[in-house]
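Peer 1:
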Amino acid sequence: MQIRMTLNREPLEVEVMPRVTLADCLRHQLGKTGTHLACEHGVCGACTVIVNGQAVRSCLMLAVQANGAEVVTVEGLTPDDEEFGPLQQAFRKHNALQCGFCTSGMLTTAHALLTAEPDADHERIRSVIAGNICRCTGYLSIVDAIHEAGESYRANKERA
Amino acid sequence: MKLPPFEYASPRTLQEATTLLSKHNGDARPIAGGQSLLPLMAFRLAAPSLLVDLANIPGLDRIEIRDDGVHVGALTRWCQIEADRRLTAAHPLLSEAVKHIAHYQIRNRGTIGGSLAHADPAAEMPALAITCGAEITIAGAKVSRVLAAKDFITGPLETALEPGEVITSIRFPKWRSHRRWAFQEFSKRRGDFALGGVALHFDEDAQGHASEVHIGVFGTGDTPGRLSAAEEFVRGKKVDAGLAQAAGNIARSAVRVASDMHAGAAYRQALIGTLIERALVEAASRAIEE
Ligand SMILES: Cc1cc2nc3c(=O)[nH]c(=O)nc-3n(C[C@H](O)[C@H](O)[C@H](O)COP(=O)(O)OP(=O)(O)OC[C@H]3O[C@@H](n4cnc5c(N)ncnc54)[C@H](O)[C@@H]3O)c2cc1C
Ligand code: FES
Ligand code: FES
Chain E
2 MQIRMTLNRE PLEVEVMPRV TLADCLRHQL GKTGTHLACE HGVCGACTVI
52 VNGQAVRSCL MLAVQANGAE VVTVEGLTPD DEEFGPLQQA FRKHNALQCG
102 FCTSGMLTTA HALLTAEPDA DHERIRSVIA GNICRCTGYL SIVDAIHEAG
152 ESYRANKERA
Chain Z
145 MKLPPFEYAS PRTLQEATTL LSKHNGDARP IAGGQSLLPL MAFRLAAPSL
195 LVDLANIPGL DRIEIRDDGV HVGALTRWCQ IEADRRLTAA HPLLSEAVKH
245 IAHYQIRNRG TIGGSLAHAD PAAEMPALAI TCGAEITIAG AKVSRVLAAK
295 DFITGPLETA LEPGEVITSI RFPKWRSHRR WAFQEFSKRR GDFALGGVAL
345 HFDEDAQGHA SEVHIGVFGT GDTPGRLSAA EEFVRGKKVD AGLAQAAGNI
395 ARSAVRVASD MHAGAAYRQA LIGTLIERAL VEAASRAIEE
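Here the protein sequences line up with chains E and Z, keeping their order. Per my numbering: the first sequence = residues 2 to 161. Per my numbering: the second sequence = residues 145 to 434.
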């Protein structure tokens, strides 16, 4: 099936079999290997991408279901490939990653959250990332990083 | 884990969807959010030859508050129910229960119709629908029908749906003002399936005695259901801490539970008793808006 989507702000078309998940389409057909796969059945959150503004598990979505959608992957959070965005900077500052396997899912989830709710407090952040497993950090640094990045998202929202 | 091969159709009308589904003799399945079906397929517990995507059929994802209750379209996603502020007055128990379902990303795709059709014994929505006496509207290629939730859920992952049928909406009967309610569950990680849970509501007469007592439990055995022993005990009495404790004890011995890899039977019985006690105390002590 031929599908059309906007990936990190660029429109594209791709031919996919119905059985291909959005995650595999992104990684194998579109070269966006920043999206990580661990459990491949919806429990870990590593594969989170943003579809039409909402965080979703890309291992639990068919590529054909993304026909016509706007998709943002972790690569899309660094528009010019040079400067880190506020979330990435906060993650670096707080050492919110060790092996980095969960990180793209954490960043995409947090980006969707803070774009919609820049005022999210610690409690809200914890409940949202409860769906993302990290085997390394113990989560506290991740929660702190997301909370700190909220400030930039608030400023962006006020400017808009 | 990669999915087994299948064909995919994305019809624009309900008629097209039911016709496609009934032509395939039970070998075709509807897909809504895919949050339960795709994991099943990944594990090869399901391998339909055709998936009929319901997502592009307009009009199935609305929440309407009418005189006879709250009507929720089958394709309504958890995140939409959670965000609908009208429900905190129109059906506070529905609003609260949905907060406990699955994780953030899954809530952005999972639907109420998909959850009922999937009929997981540990899921919140089938239990809530049975507790509240909800009705489920089902469309087939030729006829439509309406079933009470308790007749719809027939076993673990089993429903009264015939091949080719699709759930179109769920009606929760009108919520009485001043109704008392609570929702309690326990899961190891927030958003995971609960080891056990309780949804309940009751009304009070002028003397403060409980009437119309509905107590539902889930995560206990093959299907969620109401616990009539506890309901009968509470009916006609004033709910306070002592009564809640006694009701919890009755529930503990009356509830039928199963052991599985997540928890043993004795643990689950104790859990249900405790949750019912807590839920009754919570319901009785909640400030009621005039
Ligand atoms: C990690 C994880 C944790 C979860 N935790 C919870 C939890 O705590 N509580 C909970 O309740 N759920 C939980 N879920 C499941 C989630 O809520 C699903 O969204 C829901 O059970 C199914 O909805 P869906 O729209 O995704 O259905 P789908 O996966 O699309 O479909 C499920 C089944 O229903 C059928 N179906 C779908 N829509 C219709 C319809 N309109 N008419 C007829 N048949 C239909 C499909 O053919 C399929 O058999 C969890 C899922 C995951 C992956
Ligand atoms: S890989 Fe998708 S949730 Fe684990
Ligand atoms: S940093 Fe290693 S899993 Fe999170």
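Even for Gly, the Cβ is constructed at its ideal location relative to N, Cα and C.
Are the beta-carbon atoms belonging to Thr364 of chain Z and Gly335 of chain Z less than 8 angstroms from one another?
Peer 2: Taking 8 angstroms as the Cβ cut-off, Thr364 of chain Z and Gly335 of chain Z do not qualify as a contacting pair.
Peer 1: Quick one: is the Cβ of Ile274 of chain Z within less than 7 angstroms of any heavy atom of ligand 1?
Peer 2: Ile274 of chain Z Cβ: outside cutoff for every heavy atom of ligand 1.
Peer 1: Let me know the secondary structure DSSP gives Met269 of chain Z once reduced to three states.
Peer 2: DSSP places Met269 of chain Z in helix when its eight states are reduced to three.
Peer 1: Between Ile250 of chain Z and chain E, is there a C-beta pair that is closer than 8 angstroms?
Peer 2: Judged by the 8 angstroms Cβ criterion, Ile250 of chain Z is in contact with chain E.
Peer 1: For a quick check, are the C-beta atoms of Val378 of chain Z and Phe346 of chain Z less than 8 angstroms apart?
Peer 2: Against a cut-off of 8 angstroms, the Cβ pair of Phe346 of chain Z and Val378 of chain Z comes out as a contact.
Peer 1: Thinking Thr110 of chain E and Gly46 of chain E are a contact (beta carbons under 8 angstroms), I'd like their distance in whole angstroms, please.
Peer 2: Indeed, because the Cβ distance is near 7 angstroms, the residues count as touching under 8 angstroms.
Peer 1: I need the straight-line Cα distance from Ile314 of chain Z to Ala266 of chain Z, nearest angstrom please.
Peer 2: Rounded to whole angstroms, Ile314 of chain Z to Ala266 of chain Z spans 19 angstroms at the Cα level.
Peer 1: Taking any heavy atom of ligand 3 as the mark, which residues have a C-beta closer than 5 angstroms to it, listed down the chain?
Peer 2: This criterion selects E:Leu98, E:Gln99, E:Cys100, E:Phe102, E:Cys103, E:Cys135, E:Arg136 and E:Cys137.
Peer 1: List in chain order: all unbroken alpha helix (DSSP H) runs of 4+ residues lying wholly within the segment 176-263 of chain Z.
Peer 2: Counting whole runs of 4 or more residues, the segment 176-263 of chain Z contains the alpha helix (DSSP H) stretches 181-186, 222-227, 231-234, 236-242, 248-251 and 256-262.
Peer 1: Rounded to the nearest angstrom, what separates Val242 of chain Z and Ile225 of chain Z at their Cα positions?
Peer 2: When rounded, the distance between both Cα atoms is 7 angstroms.
Peer 1: Within 10 angstroms of its Cβ, does Ser142 of chain E collect 16 or more other Cβ (buried), or is it exposed?
Peer 2: Buried, by the Cβ-count rule.
Peer 1: With hydrogens ignored, establish whether the beta-carbon of Arg58 of chain E is closer than 7 angstroms to any heavy atom of ligand 2.
Peer 2: Answer for Arg58 of chain E: yes, Cβ within range of ligand 2.
Peer 1: When you compare only the Cα positions, how much space is there between Ser193 of chain Z and Met2 of chain E?
Peer 2: Distance between the alpha carbons of Ser193 of chain Z and Met2 of chain E: 16 angstroms.
Peer 1: Along the chain, where does the beta strand (DSSP E) containing Asp145 of chain E start, and where does it finish?
Peer 2: Careful: Asp145 of chain E lies outside any beta strand (DSSP E), inside the alpha helix (DSSP H) at Leu141 to Arg160.
Peer 1: Per DSSP, what kind of secondary structure is Val15 of chain E in: helix, strand or coil?
Peer 2: In the structure shown, Val15 of chain E sits in a strand (DSSP, three-state: E or B).
Peer 1: Between which two residues does the beta strand (DSSP E) holding Gly340 of chain Z run?
Peer 2: Looking at the DSSP string, the run of the beta strand (DSSP E) that includes Gly340 of chain Z is Gly340 to Glu348.
Peer 1: One question on the structure: do Val65 of chain E and Val15 of chain E come within less than 8 angstroms of each other, judged by their Cβ atoms?
Peer 2: Cβ distance not < 8 angstroms, so Val65 of chain E and Val15 of chain E don't count as in contact.
Peer 1: So, under 8 angstroms CB-CB, Ile274 of chain Z and Gly360 of chain Z are touching, yes? Tell me the CB distance rounded to an integer number of Å.
Peer 2: Indeed they touch by this definition, with Cβ atoms about 6 angstroms apart.
Peer 1: List the endpoints of the continuous alpha helix (DSSP H) containing Gln389 of chain Z.
Peer 2: Looking at the DSSP string, the run of the alpha helix (DSSP H) that includes Gln389 of chain Z is Ala385 to Ala398.
Peer 1: Along the beta strand (DSSP E) that carries Ala283 of chain Z, what are the first and last residues, could you check?
Peer 2: Note, Ala283 of chain Z: beta strand (DSSP E), Glu279 to Ala283.
Peer 1: Would a check of beta-carbon distances place Ala67 of chain E closer than 8 angstroms to chain Z?
Peer 2: Not closer than 8 angstroms to any Cβ of chain Z, the Cβ of Ala67 of chain E fails to qualify, so no.
Peer 1: Residues of chain Z with CB under 7 angstroms from Glu41 of chain E, in chain order?
Peer 2: Chain Z residues near Glu41 of chain E: Met145 and Ala186.
Peer 1: For the segment 348-381 of chain Z, list the alpha helix (DSSP H) runs that are entirely contained and at least 4 residues long, ordered along the chain.
Peer 2: Counting only runs of 4 or more, we get 372-378.
Peer 1: Go ahead and label Arg320 of chain Z buried or exposed: buried means 16 or more other beta carbons lie within 10 angstroms of its beta carbon, across all protein chains shown.
Peer 2: Exposed, by the Cβ-count rule.
Peer 1: Which one of Z:Ala350, Z:Gly277 and Z:Asp366 has the shortest CA to CA distance from His358 of chain Z?
Peer 2: Comparing Cα-Cα distances from His358 of chain Z to each of Z:Ala350, Z:Gly277 and Z:Asp366, the minimum goes to Z:Gly277.
Peer 1: Should Pro19 of chain E be flagged as near chain Z, meaning a C-beta pair shorter than 8 angstroms?
Peer 2: At least one chain Z Cβ lies under 8 angstroms of Pro19 of chain E.
Peer 1: Using 7 angstroms as the cut-off, classify the Cβ of Gly254 of chain Z as near or not near the heavy atoms of ligand 2, replying yes or no.
Peer 2: No, the beta carbon of Gly254 of chain Z sits no closer than 7 angstroms to any heavy atom of ligand 2.
Peer 1: Where do the N-terminal and C-terminal ends of the beta strand (DSSP E) with Pro317 of chain Z fall, by residue?
Peer 2: Per DSSP, Pro317 of chain Z belongs to the beta strand (DSSP E) from Val310 to Pro317.
Peer 1: In chain Z, what lies closer than 8 angstroms to Ala121 of chain E by C-beta?
Peer 2: Those within 8 angstroms of Ala121 of chain E in chain Z number zero; the least Cβ separation is about 11 angstroms.
Peer 1: So is the beta-carbon of Cys26 of chain E under 7 angstroms away from any non-hydrogen atom of ligand 2?
Peer 2: Incorrect: Cys26 of chain E has no Cβ contact closer than 7 angstroms to ligand 2.
Peer 1: Closer than 7 angstroms to a non-hydrogen atom of ligand 2 - does that hold for the CB of Val21 of chain E?
Peer 2: Every heavy atom of ligand 2 is 7 angstroms or more from the Cβ of Val21 of chain E, so no.
Peer 1: In the DSSP assignment, find the alpha helix (DSSP H) that holds Ser288 of chain Z and state where it starts and stops.
Peer 2: No alpha helix (DSSP H) holds Ser288 of chain Z; the beta strand (DSSP E) holding it covers Ser288 to Ala292.
Peer 1: Under 8 angstroms, Cβ to Cβ, is there at least one residue of chain Z near Ser153 of chain E?
Peer 2: Ser153 of chain E does not count as touching chain Z.
Peer 1: According to a CB-to-CB cut-off of less than 7 angstroms, which residues of the segment 246-271 of chain Z neighbour chain E?
Peer 2: So the list reads His247, Tyr248, Gln249, Ile250, Asn252 and Arg253, given in the order they occur along the chain.
Peer 1: Is it a yes or a no for the segment 389-407 of chain Z touching the segment 366-375 of chain Z, going by three-plus beta-carbon pairs under 8 angstroms?
Peer 2: Yes, since at least three Cβ pairs between the segment 389-407 of chain Z and the segment 366-375 of chain Z fall closer than 8 angstroms, the two stretches touch.
Peer 1: Does at least one heavy atom of ligand 1 sit under 7 angstroms from the Cβ of Asp366 of chain Z?
Peer 2: Flag unset: Cβ of Asp366 of chain Z not near ligand 1.
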